[in-house]
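A.B. asks: All you need for our numbering is the position in the sequence shown, starting with 1, plus 50.
The C-beta atom is built at its ideal place from N, Cα and C for all residues, glycine as well.
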Amino acid sequence: MTASALSSHRPARAEKVALLSQIEERLRWLSSWTVHNANNLREKRDGLKVGGHQASCASMTAIMTALYFHALRPQDKVAVKPHAGPVLHAIHYLLDEQTREKLEAFRGLGGVQSYPSRTKDTIPVDFSTGSVGLGVAVTAFSSLVQDYLVAHGQLAEAETGRMIALMGDAELDEGNIYECLIEGYKHDLRNCWWIVDYNRQSLDATTADRMFRRFDDIFETCGWRVVTLKHGRLQREAFKRPGGQALADWIENCPNADFAALTYLGGAAWRERLTRDLGDTKGIAELLAAHDDAQLARLMTNLGGHCIETLLDAFDSVTDDKPTLFIAYTVKGYGLPLAGHKDNHSGMMNTAQIEGLRAELGIEPGQEWDKWAGLGDNLAARLEALVKASPIAHKKSEHRAPSVPVPGLPVPEGAVQSTQAAFGKVLYDLAKSDEPLADRIVTTAPDVTQTTNLGAFVNQRGLFRRQELADVFQKAKIPSAQKWTATTAGQHIELGIAENNFFLALTSLGLAAPHFGTRLLPVGTVYDPFIARGLDALNYGCYQDARFLLVGTPSGITLAGEGGAHQSINTPLIGMGQPGLESFDPAFADEVALLMGWAFGHMQADNGSSVYLRLTTRQIEQQARADDAWESGTIAGAYWLREPAPGAKAAIAYSGAVAPEALAAWEQLTDDIPGLGLLAVTSPDRLHRDWSAARAARWNGGARAPSHIERLLGQLAPDAGLVTVLDGSPAALSWLGGVRGHRVSPLGTDRFGQTGDLPDLYRTYRLDAEAIIDAMAELFLP
Ligand SMILES: Cc1ncc(C[n+]2csc(CCOP(=O)(O)OP(=O)(O)O)c2C)c(N)n1
Ligand SMILES: [Mg+2]
């Protein structure tokens, strides 16, 4: 039969299993060889270990074969266990979507990434992974986003897919998984599969036996189905023979470490141990005699996660949308000489061992990269046909969602306002409008909706729930400012207090455009200090270029009465240090409105990013604007609130909530220091990035144009002094002194805050006008 005839003729189950077993071997080989090549064959220039995880890959090759070449549908999305990245690339190599050159450059510049990356790899990667646990939980939130889009008529039910995590068993130790289980239950999670590579080994060790069965309880309590794939077909058949039940019981009770060690030692060790433990049991001697050492090793390691047939049956058995946990028992390093060794996480086959594997698989030297080497033309053609006919071979490339127009956002009225209230009003005005933008905004908060001024938006646009929920208080006519009716049309996703969930929800919402072809504009609010709680999840979202607007509020010791546990100090540095996130610390309501409009555009731009606004509840007097010159500076990161005279000897630079203190100090000093400037720094982050980029331009082939901050500070005298001040780490602004070599006296908070009113706190922490004046005086001391 020709390949084309075969592709239109589905092989019978047994034949398919046989072919998939061949593919599993290829994936095991290619992933091992990719790691081997990078570490042992490619030229080394730095003496560093390249790395890679052959054992972690081999643990999953059967699972991934059964999933990718059988169960996976084009609309499904997968997060792959980070250290199984080479298997994913090998799959795409078989699909002709990955090149040999990229595989050869694994972990080299421009080559295949160490861990699957949406932005850096050239194969389709649905979710980046790397920080264990996050890639698992994100699938649940993407399923929620999918349901949101269905409920809002932006995705047809028929186009919904499963969100699948291929996870290592040590990922079950990450707390963020359980936070997500709880949130998932509340939101009626569906269409989510988590497939555990249950090799009972982590990086350091074999995992605790005590957890056995506990996972079933935990997941079932949270509404999941648990499918355990403990044994492969060979084992199940052996269990039916005389003595088989004793063997099954023995495996059931075997400690993880013993099982792993025996796996490593191989057939003779299994025989000795089983003879010792079960030799007297009827049928065991015959069972052992019926297997030579290699066959016995094969039988004992024939766990569910390595048996293609068992995997196909398990995947096929789930036809509904109930969230499902597959616990697939595996051996770490299966089919490799590393199998079962407790140190195999980063262990690698030596040259003799990889040569042995090559010979075992019938691959000639020099043919290591040939897809179907050593299999014969006929078998190769059948495998090629199967691969090409698999549903994922027809997966469409990711969507390019049309962008949503951003209208001008009016400035909230009020002579005295806080940035947080202004943010709430801008959103509220949008909520009342019929702007298309308003329909695409999705808000979310980890139980701080009211206290971060999202309430008005939520009252207007409603809470989102797949199952509608009445507002009991409203029905009972109990007066309340909050209308909490939850409907399928709602636009606020209420989350419990779990900042990891919050950032993963923002990540999934922020990937709606490439994932589902519909752009959502997620806006999330969180108390500024608690950004730190979800920092890795924030980084995870930024790493894969998810687009969202993060609002950290209230912030700083300006939160006064809430005390040191709630006052954020280092978030300006987080904002500056986080790639993929443009951070702002505005002071005035018009800046907030302008920046929100800019953010909604930037979140949709090809080379855009997520945006972070650090806000406060402090109400301050607003500025009358003579013109709109402040606008471009606000976006670029700074503008002169009080223009310095050319060659002025000093300037005050401030960010955010302390604007009134900076203004007051300026008023008091301006007579003594003629032409004193007052610089409003709306984004230390953008200023610094622009400055670095301008300095690097020459090396990147561009011309050396001065950066925005160089131009601004160039208006001062070369020997001018700068006082910088913000309600946060002084390091966020002290670098301004380095731009033109100005002397600088930085003010800010670098100790934990405490309770107090603003005058007391600003005096204690040296943020008041007097401190600014003192700092200025110090600059001019001889
Ligand atoms: C948050 C985080 N902490 C630590 C690591 C380092 N690390 C990488 S893999 C791993 C353990 C993996 O064990 P498991 O999930 O069981 O995968 P296996 O290799 O056994 O399949 C660790 C600790 C990481 N990648 N992410
Ligand atoms: Mg493991």
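Contact criterion: CB-CB distance below 7 Å. Does L346 meet it with respect to chain B?
C.D. replies: Among the protein chains of the structure shown there is no chain B, as only one such chain exists.
A.B. asks: Can you tell me which of D146, G540 and Y662 puts its alpha carbon nearest to the alpha carbon of A520?
C.D. replies: As a position in the sequence shown, residue 520 is number 470, starting the count at 1. Ranking the options by Cα distance to A520, first place goes to G540.
A.B. asks: Exposed or buried, which one is T169 when buried takes at least 16 other CB atoms within 10 Å?
C.D. replies: Here residue 169 is taken as the residue at index 119 of the sequence shown, counted from 1. When all chains shown are included, T169 counts as exposed.
A.B. asks: Taking 6 Å as the cut-off, is the C-beta of N509 nearer than that to any heavy atom in ligand 2?
C.D. replies: Along the sequence shown, read from residue 1 onward, the residue named residue 509 stands at position 459. Outside the cutoff, so no.
A.B. asks: With a cut-off of 8 Å on the beta carbons, I'd call V621 and I581 a contact; round off their distance for me.
C.D. replies: The count along the sequence shown starts at 1 and reaches residue 621 at position 571. The count along the sequence shown starts at 1 and reaches residue 581 at position 531. First, the residue type needs correcting, since residue 621 is Thr and not Val in the sequence shown. That belief holds up - the Cβ atoms of T621 and I581 are roughly 6 Å apart, short of 8 Å.
A.B. asks: Excluding the 5 residues flanking E232 on each side, which residues of the same chain have their C-beta closer than 8 Å to its C-beta?
C.D. replies: Stepping through the sequence shown from its first residue, residue 232 is reached at position 182. A quick correction: the sequence has Ile, not Glu, at residue 232. C272, G546 and A548.
A.B. asks: Which term fits F365, buried or exposed, when burial requires 16 or more other beta carbons within 10 angstroms of its beta carbon?
C.D. replies: Numbered from 1 along the sequence shown, position 315 holds the residue referred to as residue 365. Counting Cβ neighbours within 10 Å, F365 comes out buried, since at least 16 surround it.
A.B. asks: Below 7 Å between beta carbons: does that hold for L117 and A190?
C.D. replies: Locating residue 117 in the sequence shown gives position 67, where the first residue counts as 1. Locating residue 190 in the sequence shown gives position 140, where the first residue counts as 1. No; because the gap between Cβ atoms is not below 7 Å, this pair is not in contact.
A.B. asks: Using a threshold of 6 Å, is the CB atom of S106 nearer than that to any non-hydrogen atom of ligand 1?
C.D. replies: Translated into positions along the sequence shown, residue 106 becomes position 56. Because some heavy atom of ligand 1 lies under 6 Å away, the Cβ of S106 counts as near it: yes.
A.B. asks: Residues bridged to R664 by DSSP?
C.D. replies: The residue given as residue 664 occupies position 614 in the sequence shown. DSSP output for R664 lists G602 as bridge partner(s).
A.B. asks: What residues match up with L216 in a beta bridge as DSSP calls it?
C.D. replies: Here residue 216 corresponds to residue number 166 of the sequence shown, with the count starting at 1. Its beta-bridge partners are V130 and I245.
A.B. asks: Taking the alpha carbon of I73 as the point to measure from, which residue in L145, A755, Y235 and T799 has its own alpha carbon closest?
C.D. replies: On the sequence shown, residue 73 is found 23 positions in, with the first residue counted as 1. The shortest C-alpha separation from I73 is found at L145.
A.B. asks: For the alpha helix (DSSP H) containing K99, name the first residue and the last one.
C.D. replies: Taking the sequence shown and counting its residues from 1, the one referred to as residue 99 is at position 49. Where K99 is concerned, there is no enclosing alpha helix (DSSP H), given that its DSSP letter is neither H nor E.
A.B. asks: Kindly give me the distance between the Cβ atoms of P441 and C242, rounded to whole angstroms, as I take these residues to be in contact under 8 Å.
C.D. replies: The residue labelled residue 441 in the question sits at position 391 within the sequence shown. The residue labelled residue 242 in the question sits at position 192 within the sequence shown. Incorrect: roughly 19 Å between the Cβ atoms, too far for contact.
A.B. asks: Would you call H652 buried or exposed, if buried means 16 or more other Cβ atoms sit within 10 Å of its Cβ?
C.D. replies: Working through the sequence shown from its first residue, we reach residue 652 at position 602. H652 is buried by the Cβ-count criterion.
A.B. asks: Do you know how far the Cα of E434 is from the Cα of S252?
C.D. replies: For the purposes of this step, residue 252 is taken as the residue at position 202 of the sequence shown. For the purposes of this step, residue 434 is taken as the residue at position 384 of the sequence shown. For S252 and E434, the distance between alpha carbons rounds to 35 Å.
A.B. asks: Pull the bridge partners of A431 from the DSSP assignment, please.
C.D. replies: As a position in the sequence shown, residue 431 is number 381, starting the count at 1. Its beta-bridge partners do not exist; DSSP assigns none.
A.B. asks: Name, in chain order, the residues that DSSP records as bridge partners for V773.
C.D. replies: In the sequence shown, residue 773 corresponds to position 723, counting from 1. According to DSSP, V773 bridges with I702 and S795.
A.B. asks: What residue range is occupied by the uninterrupted beta strand (DSSP E) comprising T575?
C.D. replies: Position 525 of the sequence shown holds residue 575. Unbroken beta strand (DSSP E) run through T575: L571 to V576.
A.B. asks: At the level of alpha carbons, what is the spacing between A187 and T557?
C.D. replies: In the sequence shown, residue 187 corresponds to position 137, counting from 1. In the sequence shown, residue 557 corresponds to position 507, counting from 1. Whole-angstrom Cα-Cα distance: 11 Å.
A.B. asks: How many angstroms separate the CA atom of A819 from the CA atom of D677?
C.D. replies: Translated into positions along the sequence shown, residue 819 becomes position 769. Translated into positions along the sequence shown, residue 677 becomes position 627. C-alpha separation (whole angstroms): 27 Å.
A.B. asks: Comparing alpha-carbon positions, which option in S71, R157 and A134 lies nearest L98?
C.D. replies: Counting from one through the sequence shown, the residue named residue 98 turns up at place 48. That would be R157, whose Cα lies nearest to the Cα of L98.
A.B. asks: On a Cα-Cα basis, can you pick out the residue from K94, A402 and G102 that is closest to S82?
C.D. replies: Counting from one through the sequence shown, the residue named residue 82 turns up at place 32. Here the closest residue by C-alpha is G102.
A.B. asks: Pull the bridge partners of Y379 from the DSSP assignment, please.
C.D. replies: Residue mapping note: residue 379 aligns to position 329 of the sequence shown, counting from 1. Y248, per the DSSP bridge assignment.
A.B. asks: Less than 7 Å separating the beta-carbons of S705 and L645?
C.D. replies: Taking the sequence shown and counting its residues from 1, one reaches residue 705 at position 655. Taking the sequence shown and counting its residues from 1, one reaches residue 645 at position 595. In this structure, L645 does not lie closer than 7 Å to S705 by Cβ.
A.B. asks: At 4 residues or longer, what runs of the alpha helix (DSSP H) sit wholly inside the stretch 701–748?
C.D. replies: The stretch 701–748 contains these whole alpha helix (DSSP H) runs: 709–719 and 734–747.
A.B. asks: Would you tell me roughly how many angstroms separate the C-alpha atoms of L129 and F119, rounded to the nearest one?
C.D. replies: For the purposes of this step, residue 129 is taken as the residue at position 79 of the sequence shown. For the purposes of this step, residue 119 is taken as the residue at position 69 of the sequence shown. Looking at the sequence itself, residue 129 is Ala, so the reference to Leu does not match. Distance between the alpha carbons of A129 and F119: 16 Å.
A.B. asks: Could you check where the beta strand (DSSP E) with I685 kicks off and where it finishes?
C.D. replies: Taking the sequence shown and counting its residues from 1, one reaches residue 685 at position 635. It is not in any beta strand (DSSP E) - I685 instead sits in the alpha helix (DSSP H) that spans A679 to A686.
A.B. asks: Determine the DSSP secondary structure at L545, reduced to helix, strand or coil.
C.D. replies: Residue 545 sits at position 495 when you count from the first residue of the sequence shown. L545 falls in the strand class under three-state DSSP.
A.B. asks: Quick check on DSSP: helix, strand or coil for A53?
C.D. replies: Position 3 of the sequence shown, counting from 1, holds the residue named residue 53. Any reading at A53 must be qualified, since the residue scores a pLDDT of 41, below 50, and its modelled position is unreliable; the value itself is stated next. Three-state DSSP puts A53 in a helix.
A.B. asks: Determine whether the beta carbon atoms of A108 and L279 lie at a separation below 7 Å.
C.D. replies: As a working note, residue 108 is residue 58 in the sequence shown. As a working note, residue 279 is residue 229 in the sequence shown. Against a cut-off of 7 Å, the Cβ pair of L279 and A108 comes out as no contact.
A.B. asks: For R745 and A655, what's the separation of their Cα atoms in angstroms?
C.D. replies: Residue mapping note: residue 745 aligns to position 695 of the sequence shown, counting from 1. Residue mapping note: residue 655 aligns to position 605 of the sequence shown, counting from 1. Straight-line Cα distance between these residues: approximately 25 Å.
A.B. asks: In chain order, what residues of the same chain lie with their CB nearer than 7 Å to the CB of R283, ignoring the 5 residues before and after it?
C.D. replies: Residue mapping note: residue 283 aligns to position 233 of the sequence shown, counting from 1. Cβ within range, chain order: C357, E359 and T360.
A.B. asks: Roughly how many whole angstroms lie between the Cα atoms of L69 and Q285?
C.D. replies: What you label residue 69 is simply residue 19 of the sequence shown in a count that begins at 1. What you label residue 285 is simply residue 235 of the sequence shown in a count that begins at 1. One C-alpha to the other measures close to 21 Å.
A.B. asks: What is the DSSP secondary structure of R692, reduced to helix, strand or coil?
C.D. replies: Stepping through the sequence shown from its first residue, residue 692 is reached at position 642. Strand, per DSSP.
A.B. asks: Under the criterion of a Cβ to heavy atom distance below 6 Å, does N249 qualify as lining ligand 1?
C.D. replies: For the purposes of this step, residue 249 is taken as residue 199 along the sequence shown, with counting starting at 1. For ligand 1, at least one heavy atom lies less than 6 Å from the Cβ of N249.
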